[in-house]
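Going by my numbering, the residue at position 8 of the sequence shown is -9; the numbering climbs one at a time, nothing skipped.
Written out below as structure tokens is the structure these notes cover.
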Amino acid sequence: MVAERRRARVRRLVLAAVAAIIALGGPAVTWALTEGSQVASVAQQFSATDPATGVSATVGVDPAAWGSRVTLDLGHVRGPQSCTLVAVGMDGAQQTVTSWTVPATGYDGGTELRTGGGTGLASSAIARFEVRSGDAVLVVVPVQR
């Protein structure tokens, strides 16, 4: 009788623990899966290569409630130098999406940069993206609609 009560109590505790894990962990797993899928999806991609610098870029833009998620694949950049990706709006507004330092070896010969960030500009309000190093524009990627 005592052993049976003890087993029943242990069973209830185990079931309560499992229920708590599901109740607390379920939303976190759902959030992680939906956030991950939102970051991985790219609604539009735009590419350009600057004939003078040889720098090539592909920019992915995914609309978000707060603005736009942006991805960048960049190649043929000499290093070392510091760069920024800037979103330029139709109205001329500019927002830095991300920044990085190109290593001395640069991005060439099979090595490229893949990075991302975000901007408060809606994807429909973006005219172009610019990869800049100091005052120099290395490549302009127009957003074509």
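No residue lacks a Cβ here, since even glycine has one placed at the ideal position from N, Cα and C.
Three-state class that DSSP yields for residue i in the structure shown
{"i": "residue 108", "result": "helix"}
{"i": "residue 128", "result": "coil"}
{"i": "residue 34", "result": "coil"}
{"i": "residue 48", "result": "coil"}
{"i": "residue 40", "result": "strand"}
{"i": "residue 122", "result": "strand"}
Beta-carbon gap between residue i and residue j smaller than 9 angstroms
{"i": "residue 122", "j": "residue 32", "result": "yes"}
{"i": "residue 101", "j": "residue 55", "result": "no"}
{"i": "residue 80", "j": "residue 67", "result": "yes"}
{"i": "residue 112", "j": "residue 60", "result": "no"}
{"i": "residue 71", "j": "residue 110", "result": "yes"}
{"i": "residue 78", "j": "residue 104", "result": "yes"}
{"i": "residue 95", "j": "residue 58", "result": "yes"}
{"i": "residue 124", "j": "residue 30", "result": "yes"}
{"i": "residue 76", "j": "residue 45", "result": "no"}
{"i": "residue 73", "j": "residue 108", "result": "yes"}
{"i": "residue 62", "j": "residue 90", "result": "yes"}
Below-9 angstroms beta-carbon distance, residue i vs any chain C residue
{"i": "residue 73", "result": "The structure shown contains no chain C; it is built from a single protein chain."}
Could you say if the stretch 68 to 86 and the stretch 29 to 39 meet the contact criterion of at least three C-beta pairs nearer than 8 angstroms?
no
Jot down the residue ranges of each uninterrupted beta strand (DSSP E) in the stretch 55 to 120, minimum 3 residues, whole runs only, in chain order.
64 to 72, 77 to 85, 96 to 102, 109 to 116
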